[in-house]
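To start, the structure itself, in structure tokens.
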Amino acid sequence: MSVDAVSAARGSDRRHVLHSWSAHGTLEPVVVAGAEGAHFWDEDGRRWLDFSSQLVNVNVGHQHPKLIAAIKAQAETLCTVAPYHANAATSEAARLIAELAPGDLNRVFFTNGGAEAVENAIRMARLHTGRHKILTAYRSYHGATAGAIAATGEPRRWPSEPGPPGFIKFWGPYPYRSAFHSGSPEEECERALAHLADTIMVEGPQGIAAILLETVVGANGILVPPDGYLQGVRALCDAHGIMMIADEVMAGFGRCGEWFAVDRWGVVPDLITFAKGVNSGYVPLGGVILSEAISASFANRAYPGGLTYSGHPLACAAAVACIGIYKEENLIARARRLGEEVIGPALHAMQGRHPAIGEVRGLGAFWAIELVRDRTTREPLVPFNASGAADAAMVELAAACKRQGLWPFVVSNRMHIVPPLSIDEQALRDGLAIVDEALHVADRHYVG
Ligand code: PLP
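Mapping the sequence shown onto the numbering used here, position 33 (from 1) lands on 364, and the numbers just tick up by one.
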């Protein structure tokens, strides 16, 4: 692109595009010119190592040739069909996903992304059980459509309130900031389950359709549940005929070093929602995987939900290719190994050097550094839901990374380390060294 074309792109963007979650009057977006592997760049030659995988979706890396070839081949064959037709790309994607999914989750309803997946999982749980209430966790994100944002347990929900009825919140486990004053992960697990059991009791189990939760909480802090928690949720669901919906839009498809994050704990939910990593975001795609029992509910009565682009051939061909790449390049096991051998050890070593690091947690290619002003009080480096001047320390930290050629994922008082699963190991180590250096910015705000 010429200099004129770049400035035209910037000008049109500023005049005509409303970006997600942003005030268009203050946004200065990078005009991305290209990307490859774990890097992307602009026309001025600025290049960044992508430690965000964009929005934690480009799991196989940017511009993977096999993924591009599959999309091109599908475009040549069949770009689009109505969702009531079958076609080779959609059926193959569904077959592969069912094969990978745990237990008897064997049928897929495709959507265009994560929020629609959540909406439909909720609808399926309600229709299957004949019940209405949906229990969801504080510190969760489930999407920005009406039901998904009502299910969401963090400030992005607030401007959409009042939402639809029937969404009840509970506290999930978070040992570092326990809602239950726990002293250990084991205690946190036990108390969080007791709290959930109490919530079910006082809400009336006979009215609860589903417990919807992120297997590993993503945008709200990479909260890895203590061992036993998800098994406990499963047991509560079984005891009361409640559907368990695992939202794996961010945690699924290799991010946690497993095909599905629930695999780590051997838990089989009734419904799984997915998106992002299913095809690394090359074409919008999400979906719900249904158990045999829920699937049977819609064998002889029509499922009352649909989308013009459900099972879109281009998106599904990209999913087939992406799953093939995960297998050929052994990326799921690679993510697990990178977490255990590179990212985890590097971040824990940084914690020894930087007083502002309160906690390091994660698994696979899914990690968070939680920053504090004081390790004893655990006061966050910036206040909850900070913006503007109150958020300056985090903005400064992100800027320090970007100056050194690393694009970070900074949210609230945390930096999430979420690179593509395919990132070159040396590039990963170099990126971690940039983070290490940039964290001096956070230390300057430390008062403990
Ligand atoms: N669920 C989870 C766990 C997510 O992380 C997200 C997005 O980040 C969504 C749902 C919503 O997905 P989408 O933005 O594709 O609608």
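Positions of the beta carbon are idealized from the N, C-alpha and C atoms, including for glycine. Just so we're clear, the structure is a prediction, and the values are computed from it rather than from any experiment.
Run through the DSSP bridge pairs and tell me what residue i is partnered with.
i	result
Lys733	Partner(s): none; Lys733 has no beta bridge.
Asp435	Paired residue(s): none; Asp435 is not in a bridge.
Asp373	Val363
Phe511	None, per the DSSP bridge assignment.
Pro711	Val703
Phe498	Ile465
Ile576	Leu543 and Leu602
Ile748	Trp698
His393	Gly368
Val766	Answer is none; Val766 lacks a bridge partner.
Leu554	Val548
Thr782	An answer regarding residue 782 cannot be provided, because it is not within the stretch 332 to 779 covered by the chain.
What number of angstroms, rounded off, separates the C-alpha of residue i from the C-alpha of residue j?
i	j	result
Thr476	Ser351	13 Å
Ala773	Ser513	27 Å
Ile453	Asp381	33 Å
Asn437	Val593	16 Å
Glu492	Lys500	14 Å
Gly820	Glu659	The shown model of the chain, from 332 to 779, leaves out residue 820, and the question about it has no answer.
Val673	Arg346	43 Å
Arg745	Val619	30 Å
Ser422	Phe715	44 Å
Ser626	Ala354	42 Å
Thr467	Ser611	26 Å
Ala721	Pro711	11 Å
Leu543	Ser471	10 Å
Ala425	Thr357	42 Å
Glu450	Gly478	6 Å
Ala417	Met575	29 Å
Gln682	Glu727	19 Å
Arg457	Trp590	27 Å
Arg667	Ile654	17 Å
Ala400	Ala406	10 Å
Ser622	Ala577	12 Å
Pro739	Ile603	28 Å
Ala664	Ala339	44 Å
Gly392	Pro751	5 Å
Gly779	Asp705	4 Å
Ala723	Val741	12 Å
Gly588	Ala525	29 Å
Leu759	Gly538	48 Å
Give every residue of the same chain whose Cβ lies closer than 8 Å to the Cβ of residue i, excluding the five residues on either side of it in the sequence, and list them in chain order.
i	result
Trp372	Val363, Ala364, Gly365, Ala366, Arg378 and Trp379
Arg488	Ile480, Ala481 and Gly494
Ala764	none
Ala633	none
Here's a check: name, in chain order, each residue in its chain whose Cβ is nearer than 7 Å to the Cβ of residue i, leaving out the five neighbours to either side.
i	result
Ala528	Leu567
Tyr640	Asn443
Glu690	Tyr507 and Glu701
Val731	What sits at residue 731 in the sequence shown is Ala, not Val. These residues qualify, in order along the chain: Ala769 and Val772.
Gly497	His463, Lys464 and Ile465
Ala788	Absent from the structure is residue 788, since the part of the chain shown begins at 332 and ends at 779.
Glu519	Pro504, Pro506, Ser509, Phe511, Ser513 and Pro557
Asn551	Arg470, Ser471, Tyr472 and Glu485
Val361	Asp373
Do we get a CB-CB distance below 8 Å when we pair residue i with the residues of chain D?
i	result
Ala717	Of the protein chains in the structure, only one exists, and it is not chain D.
Tell me which residue opens and which closes the alpha helix (DSSP H) that residue i is part of.
i	result
Leu527	Pro516 to Glu534
Leu694	Careful: Leu694 lies outside any alpha helix (DSSP H), inside the beta strand (DSSP E) at Ile688 to Leu694.
Arg667	Leu662 to Arg668
His679	Gly675 to Arg684
Glu659	Pro644 to Glu659
Val334	Val334 to His347
Gln385	Ser384 to Val387
Gly484	First-last for Gly484: undefined, no H or E at that position.
Once you ignore the five residues that flank residue i on each side, which residues in its own chain have a CB closer than 6 Å to its CB?
i	result
Val609	Phe584, Leu616 and Ala650
Gly434	Val599
Ser628	His459
Thr530	Phe501
For the beta strand (DSSP E) that contains residue i, what are its first and last residues?
i	result
Asp569	It is not in any beta strand (DSSP E) - Asp569 instead sits in the alpha helix (DSSP H) that spans Tyr560 to His571.
Leu380	Arg378 to Asp381
Val742	Phe740 to Val742
> Which ranges would you report for the alpha helix (DSSP H) in the segment 578 to 630 if only whole runs of at least 4 residues count?
Replying inline: Within the segment 578 to 630, the complete alpha helix (DSSP H) runs of at least 4 residues fall at 623 to 628.
> In the segment 401 to 433, which residue ranges form an unbroken alpha helix (DSSP H) of at least 4 residues, counting only runs that do not cross its ends?
Replying inline: 419 to 431
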